[in-house]
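Written below as structure tokens is the structure these notes are about.
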Amino acid sequence: MRRENHRHAESTTDSRSLLSVPCLTLFLSLARCIASWFLHAFLKMARGNRTPHPNCSKCKHLKAMNKERKEIIEIIEQANMNLLRENNHLEWKNTLNELIGDMLEARDETIKKLSEELKQANGSLKRVSEELKDVRGTCAYLRQDLQMERDDYNTLFKDNIRFWNSMQHLERDSKNHKRNYQLLQDRFAALVQEHFKSTTK
Numbered sequence: 309m310r311r312e313n314h315r316h317a318e319s320t321t322d323s324r325s326l327l328s329v330p331c332l333t334l335f336l337s338l339a340r341c342i343a344s345w346f347l348h349a350f351l352k353m354a355r356g357n358r359t360p361h362p363n364c365s366k367c368k369h370l371k372a373m374n375k376e377r378k379e380i381i382e383i384i385e386q387a388n389m390n391l392l393r394e395n396n397h398l399e400w401k402n403t404l405n406e407l408i409g410d411m412l413e414a415r416d417e418t419i420k421k422l423s424e425e426l427k428q429a430n431g432s433l434k435r436v437s438e439e440l441k442d443v444r445g446t447c448a449y450l451r452q453d454l455q456m457e458r459d460d461y462n463t464l465f466k467d468n469i470r471f472w473n474s475m476q477h478l479e480r481d482s483k484n485h486k487r488n489y490q491l492l493q494d495r496f497a498a499l500v501q502e503h504f505k506s507t508t509k
């Protein structure tokens, strides 16, 4: 809404400036015509009032008037030059206003394009965020599975340690049984020899 109000204000300002420029140009043209008419009239009067009697008082008065007319003519010419410069300035200002209008239109088009690209980027960002949520959920499930596998591995490792300890105990018991068995065999052999010796006597 603010952007539309801003554009309406800009268009109103541009239309006012565009309407004021032709009026001012018409006024300057009319002033130039009036100045040219006065200049022509003064030149005609100056040419018609030339006199071959420079020593009389009337001629001196006319001479002074001609001098004043020349000064007025110079002032009018200077004003005409100023009006021309002002007209050129107004033309440059009009051209500058047109350039500013083109720049504003280009800026509006650029803003529209950037807003569309921003909308597309926001849509892509939403999709990426949804995919990231899915990936995070998958990672959570994988962490749970990994923790379960670690627990199973720790359990198997502990069972392996217990099994290894049991094997060590069994190996020691087997060695003891072998030693006891060997002692029993030696003792049985000794008893058999003693028995044979006693029977032979």
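309 is the number of the first residue of the sequence shown in the numbering used here; add one for each residue after it.
Beta carbons: idealized from backbone N, C-alpha and C, even for Gly.
I want to see whether chain B comes within less than 8 Å of HIS477, judged by CB atoms only; does it? The chain labelled as chain B is not found in the depicted structure, where only one protein chain is given.
contact_flag[the region 415 to 426, the region 367 to 379] where n(CB pairs < 8 Å) is 3 or more: no
Assuming PHE335 and ILE384 make a contact with CB atoms under 8 Å, what is their CB distance in whole Å? As a working note, residue 335 is residue 27 in the sequence shown. As a working note, residue 384 is residue 76 in the sequence shown. Contact doesn't hold; Cβ gap of about 17 Å is too wide.
Using the three-state DSSP reduction, which class does THR446 fall into: helix, strand or coil? What you label residue 446 is simply residue 138 of the sequence shown in a count that begins at 1. Three-state DSSP puts THR446 in a helix.
Alpha-carbon spacing of GLN490 relative to SER474, whole angstroms: Your numbering for residue 490 matches position 182 in the sequence shown. Your numbering for residue 474 matches position 166 in the sequence shown. If I take the Cα positions, the gap works out to 24 Å.
Under 8 Å by Cβ, that's how I've got LEU391 and ALA339 pegged, so tell me the actual separation to the nearest angstrom. For the purposes of this step, residue 391 is taken as residue 83 along the sequence shown, with counting starting at 1. For the purposes of this step, residue 339 is taken as residue 31 along the sequence shown, with counting starting at 1. About 6 Å separates the two Cβ atoms, so the contact holds.
Measuring only the C-alpha atoms, how far is GLU406 from SER337? Start at 1 with the first residue of the sequence shown, and residue 406 comes out as number 98. Start at 1 with the first residue of the sequence shown, and residue 337 comes out as number 29. Roughly 22 Å between the two C-alpha positions.
Measuring straight from C-alpha to C-alpha, what distance separates ARG458 and GLY431? Locating residue 458 in the sequence shown gives position 150, counting from the first residue. Locating residue 431 in the sequence shown gives position 123, counting from the first residue. Roughly 40 Å separates the two Cα atoms.
Work out the CA separation of ILE342 and LEU412 for me, nearest whole Å. Position 104 of the sequence shown, counted from the start, is the residue given in the question as residue 412. Position 34 of the sequence shown, counted from the start, is the residue given in the question as residue 342. Distance between the alpha carbons of LEU412 and ILE342: 39 Å.
Taking the Cβ atom as the reference point for each residue, do THR333 and ASN396 lie within a distance shorter than 8 Å? Indexing the sequence shown from 1 puts residue 333 at position 25. Indexing the sequence shown from 1 puts residue 396 at position 88. Their beta carbons are not under 8 Å apart, which means THR333 does not touch ASN396 by this criterion.
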